[in-house]
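Here is the structure we will look at.
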Amino acid sequence: MGEERKAALRLGVVGHRGYADLPAIMRTLLDLSPQLGFELAFEPELADFAPDAVARLTDDTPLDALLTLGGDGTLLRGARLVGERQVPILGVNLGRLGFLTSCGPNELDDALRRLAAGDYYAEPRMALHASAVDPGGTERLHWRSLNDVVLHKGGFARVVRFDVWIDGEPIGAYGADGVVISTPTGSTAYSLSAGGPVVVPTVESIVVTPVSPHTLAIRPLVLPASAEVRVRGRDGPEELLVTVDGQVGTNFASAESLVVRRAQRPVLVVRFPGTTFFARLRHKLGWGGLADRDEVA
Numbered sequence: 017m018g019e020e021r022k023a024a025l026r027l028g029v030v031g032h033r034g035y036a037d038l039p040a041i042m043r044t045l046l047d048l049s050p051q052l053g054f055e056l057a058f059e060p061e062l063a064d065f066a067p068d069a070v071a072r073l074t075d076d077t078p079l080d081a082l083l084t085l086g087g088d089g090t091l092l093r094g095a096r097l098v099g100e101r102q103v104p105i106l107g108v109n110l111g112r113l114g115f116l117t118s119c120g121p122n123e124l125d126d127a128l129r130r131l132a133a134g135d136y137y138a139e140p141r142m143a144l145h146a147s148a149v150d151p152g153g154t155e156r157l158h159w160r161s162l163n164d165v166v167l168h169k170g171g172f173a174r175v176v177r178f179d180v181w182i183d184g185e186p187i188g189a190y191g192a193d194g195v196v197i198s199t200p201t202g203s204t205a206y207s208l209s210a211g212g213p214v215v216v217p218t219v220e221s222i223v224v225t226p227v228s229p230h231t232l233a234i235r236p237l238v239l240p241a242s243a244e245v246r247v248r249g250r251d252g253p254e255e256l257l258v259t260v261d262g263q264v265g266t267n268f269a270s271a272e273s274l275v276v277r278r279a280q281r282p283v284l285v286v287r288f289p290g291t292t293f294f295a296r297l298r299h300k301l302g303w304g305g306l307a308d309r310d311e312v313a
């Protein structure tokens, strides 16, 4: 009887061409794939890195895992590509912060071997479902977000009034530049820079953070994950935009509302044993580092 052959691991690959390390990373990936049993599929933007035998990655390509090469933005783009499918995403950070990513370029070899061996865990990250809804309740567009959804003004330097409802109850009118609605994952992104709290990813919740509020009484809110948030601007549609994960969005039509609730399924982010959320905070945000750095011997 012949030796049982292990099934190939179908690995999709997306990448940001703006990083100088990308060509070397792609060569490493192509060299390791045969011995690790990877069946690769590259997004069209990476086609010139791929031999003819490598498949092209589309929204419906069957996948066992997704590799993103870039920064957090590349991982967010990869998360939109897999959508509701429960595909673990291994992010390789080629940039500076890389809060969502799993490893750096110097750790790629080990990370790929651990991925092939199943020596990782897929950390579920809560996602959001956001939609643009007209006054009659008809949904015009919808999006899936891992980080945040922002309703904000356009290019006019004046106060915008936003009416906000939680589970159908009005909580007040925000005079602000915008409103950020984020997941725990997104709490360390735009929401944090707008004064919102850091939320541990396992504490499933929805964070509502005003951007540059024009009264000190307006503060960020941390809501149950089951909450539905509705936001509507009082000003004209030419001034209001919605942006999803800082990457996609649209202009808002007159009297439309932004409705945000928890998505049905989470995004799966690859993590390796020995890494923790607080270790990433210390490393990425420099928590506790100033005293060590400034200490005089």
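When we follow the numbering used here, the leftmost residue of the sequence shown carries the number 17, and every step to the right adds one. In this text, a Cβ means the ideal position worked out from N, Cα and C, and glycines have one as well.
Burial state of glutamate 59 (16 or more Cβ within 10 Å): Under this definition glutamate 59 is a buried residue.
Boundaries (first-last residue) of the beta strand (DSSP E) holding glycine 94: Counting along the chain, glycine 94 falls outside any beta strand (DSSP E), though it belongs to the alpha helix (DSSP H) covering 88-98.
For the alpha helix (DSSP H) containing histidine 299, name the first residue and the last one. Where histidine 299 is concerned, the enclosing alpha helix (DSSP H) stretches over 293-301.
Can you name the residues that DSSP bridges to alanine 189? According to DSSP, which records beta bridges pairwise, alanine 189 is partnered with Asp179.
Enclosing beta strand (DSSP E) for threonine 259 [first to last residue]: Start and end: 256-260.
Proline 217, DSSP secondary structure in three states: Proline 217 falls in the coil class under three-state DSSP.
Do valine 215 and serine 228 have their beta-carbon atoms positioned less than 8 Å apart in this structure? Taking 8 Å as the cut-off, the beta carbon of serine 228 is found no closer than this to the beta carbon of valine 215.
How would you label glutamate 61, buried or exposed, when you count the other beta carbons within 10 angstroms and need 16 or more for buried? Glutamate 61 should be labelled exposed.
Mind the definition here: the stretch 167-184 touches the stretch 126-142 only if three or more C-beta pairs lie below 8 Å; say whether that holds. Contact between the stretch 167-184 and the stretch 126-142 is absent: fewer than 3 CB-CB pairs across the two stretches fall below 8 Å.
Within 10 angstroms of its Cβ, does threonine 225 collect 16 or more other Cβ (buried), or is it exposed? Buried, since its Cβ has 16 or more Cβ neighbours within 10 Å.
Which class does alanine 241 belong to by DSSP, given the choice of helix, strand or coil? Residue state, collapsed to three classes: coil.
Which ranges does the beta strand (DSSP E) cover as unbroken runs of at least 3 residues, wholly within the stretch 42-75, from first to last along the chain? Unbroken beta strand (DSSP E) stretches of 3 residues or longer found wholly inside the stretch 42-75: 54-58, given in chain order.
My output table needs one value for aspartate 135: the three-state DSSP class, helix, strand or coil. Reduced to three states, the DSSP call for aspartate 135 is coil.
Between the CA atoms of tryptophan 303 and aspartate 310 - distance to the nearest angstrom: Note that aspartate 310 scores 45 on pLDDT, short of 50, meaning its location in the model is unreliable and no value can be drawn from it.
Under 6 Å Cβ to Cβ from valine 285, same chain only, skipping five residues before and after it: list those, please. Contacts found: Ile105, Glu139 and Arg141.
Specify, as a first and last residue, the run of the alpha helix (DSSP H) that leucine 208 falls within. Going by DSSP, leucine 208 is part of the alpha helix (DSSP H) stretching over 206-209.
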